[in-house]
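Q: Numbering (the numbering used here), first residue to last: 36 to 252. No residue lacks a Cβ here, since even glycine has one placed at the ideal position from N, Cα and C. What follows is a structure written as structure tokens; I'll ask about it next.
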């Protein structure tokens, strides 16, 4: 502010800076750090953060159940081998869009990488809700996918793990992965839910298969 000799204000000088571009760039970097670049879904980092938060709410006395669903496409390698990686990427994007249509606003859908997705169900009143979510996800494969003019039928398998109580995030993910292995062992296009009996049986079979493949190599 500039004044006359008698102290009367004559004029002001102000300086403004447009920070819109800087804020947009910051927001974009934040988004990229927490989302999968191909599908735009949450990535593992964001998923882990929300899973930890969901578990802490149960630990703080919030009554309810959480569930982790691990989903893996059946024979996805054949898609890349037959049609090429651009077709495989397009299929993953279309699957992500179908999954988003049935994802509740309170839940988190994530692409772990490759052809593997994981889904966090929060605040269930019953573990049965997780099975209903698994069925909704699998129903998204009922209609073929149009991949660059080719009609493609795709299936997936889902492993379900539920838990209140003292189960941490790594335990839920591990249990869901075990249930997924069991689902693929039993067939394709199905879901299985983890339990202790399944855990022991499947892990033993998994280790036997791994040992056998190592011996063969």
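What did DSSP end up calling residue 160 once you bin it into helix, strand or coil?
A: In this structure, residue 160 counts as coil in the three-state DSSP scheme.
Q: Which residues in the same chain as residue 175 place their Cβ atom closer than 8 Å to its Cβ, once the five residues preceding and following it in sequence are excluded?
A: Same-chain partners within the cutoff: 130, 133, 134, 136, 137.
Q: If we ignore side chains and look at the alpha-carbon of each, how far apart do residue 224 and residue 149 end up?
A: Rounded to whole angstroms, residue 224 to residue 149 spans 18 Å at the Cα level.
Q: CA-CA distance, residue 215 and residue 206?
A: Near 14 Å, if we compare the C-alpha coordinates of residue 206 and residue 215.
Q: Roughly how many angstroms separate the alpha carbons of residue 154 and residue 144, rounded to a whole number?
A: Computed Cα separation, rounded: 5 Å.
Q: Which residues does DSSP list as the beta-bridge partners of residue 154?
A: According to DSSP, residue 154 bridges with 104, 144.
Q: For residue 114, which option in 159, 202, 190 has the closest C-alpha, if you only look at C-alpha atoms?
A: The candidate whose alpha carbon is nearest that of residue 114 is 190.
Q: Can you pull the DSSP bridge partners for residue 117?
A: Residue 117 is not bridged to any residue.
Q: Give the C-beta separation of residue 218 and residue 193 to the nearest angstrom, bearing in mind that I take them to be a contact with Cβ-Cβ under 8 Å.
A: Between residue 193 and residue 218 the Cβ distance is about 6 Å, and since that is below 8 Å, they are a contact.
Q: Grouping DSSP H, G and I as helix and E and B as strand, with all else coil, what is residue 232?
A: Residue 232: helix per DSSP, three-state reduction.
Q: Is residue 187 helix, strand or coil when you go by DSSP?
A: Of the three classes helix, strand and coil, the one that applies to residue 187 here is strand, per DSSP.
Q: Counting Cβ pairs, one atom from each stretch, are 3 or more of them under 8 Å apart for the region 121-129 and the region 169-189?
A: Touching, yes.
Q: Between residue 90 and the rest of its own chain, which residues show a CB-CB distance below 7 Å, the 5 nearest in sequence each way excluded?
A: Within the same chain, residue 90 has close Cβ partners 101, 203, 204.
Q: I need the boundaries of the alpha helix (DSSP H) containing residue 212, first residue and last residue.
A: That run of the alpha helix (DSSP H) goes 204-221.
Q: With DSSP collapsed to three states, give me the class of residue 128.
A: Here residue 128 sits in helix by DSSP.
Q: Could you tell me the alpha carbon to alpha carbon distance between residue 253 and residue 105, rounded to whole angstroms?
A: Outside the modelled stretch of the chain, which goes from 36 to 252, sits residue 253, for which no answer is possible.
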